[in-house]
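To start, the structure itself, in structure tokens.
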Amino acid sequence: MRKDDDDRDIIVDMEAGLEHLSRGTGRNLSRFVATIEPYYRSMEVAKRVAALAAELGISEVLAVANKVRDAGDRKAITEFCAAHSLKLAGEIPYDPSLLEAERAGKTPIDFNPNGPAVKAIEELAATLSGPVS
Numbered sequence: 141m142r143k144d145d146d147d148r149d150i151i152v153d154m155e156a157g158l159e160h161l162s163r164g165t166g167r168n169l170s171r172f173v174a175t176i177e178p179y180y181r182s183m184e185v186a187k188r189v190a191a192l193a194a195e196l197g198i199s200e201v202l203a204v205a206n207k208v209r210d211a212g213d214r215k216a217i218t219e220f221c222a223a224h225s226l227k228l229a230g231e232i233p234y235d236p237s238l239l240e241a242e243r244a245g246k247t248p249i250d251f252n253p254n255g256p257a258v259k260a261i262e263e264l265a266a267t268l269s270g271p272v273s
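Here the sequence shown is numbered in the numbering used here, starting from 141 and rising by one per residue.
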């Protein structure tokens with residue numbers, strides 16, 4: 141995320157992995173948000189992405205827990221973030237309506253505006269629109 145000339149947030153949604161950052165795509169960002177799912181491979185990729193983002197001089201690297209099903213998922217991600225000095229900015233619960241929206245060719249907010257994932261994303265957007273620390 142960064143601000144444009146009119147002080148608006150700009151969000152760049154990149155594919156998972158390291159390639160985009162290794163090419164310097166995120167070089168001028170002020171905040172980088174790594175999405176972490178409660179699986180070992182996802183957490184390891186997030187750790188490497190966060191380290192590379194920090195090397196590029198991105199001032200704030202955050203994590204968002206995604207597809208959280210239960211307390212075990214939450215605990216795994218929370219402990220991982222604590223162990224790797226990643227600030228956890230929010231959590232998006234597993235929500236089958238996201239898959240249904242995709243199949244219907246609709247955005248999640250148009251498909252199920254009151255769904256748990258949509259509500260969590262709205263809360264996260266409010267959190268992320270605040271100042272970079």
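Beta carbons are placed, not taken as given, at the ideal position from N, Cα and C, and that holds for glycine.
When the Cα of residue 181 is compared with those of 216, 197, 198, 168, which residue comes out closest?
Closest by alpha carbon: 216.
Contact belief for residue 233 with residue 208 at Cβ below 8 Å, rounded distance in angstroms:
Yes, they are in contact, since the Cβ atoms of residue 233 and residue 208 sit about 5 Å apart, within 8 Å.
Is the beta carbon of residue 249 closer than 8 Å to that of residue 204?
One thing to note: residue 204 has its Cβ no nearer than 8 Å to the Cβ of residue 249.
Residue burial classification, residue 178 (beta-carbon count within 10 angstroms, cutoff 16):
Buried, because 16 or more other Cβ atoms sit within 10 Å of the Cβ of residue 178.
Roughly how many whole angstroms lie between the Cα atoms of residue 141 and residue 206?
Its pLDDT being 42, under 50, residue 141 is placed unreliably in this model, and the coordinates cannot settle the point.
Counting only runs that start and end within the region 203-259, where is the alpha helix (DSSP H) found for 4 or more residues in a row?
Within the region 203-259, the runs of alpha helix (DSSP H) at least 4 residues long that lie entirely inside it are, in chain order, 211-223, 236-244, 248-251.
Does the beta-carbon distance from residue 134 to residue 251 come in below 8 Å?
The question about residue 134 has no answer, for the chain in this structure spans 141 to 273.
Hey, quick one: how far does the beta strand (DSSP E) through residue 176 stretch, first residue to last?
171-176 is the span of the beta strand (DSSP E), which, as asked, contains residue 176.
Pull up the DSSP beta-bridge partners for residue 201, would you.
DSSP output for residue 201 lists 172 as bridge partner(s).
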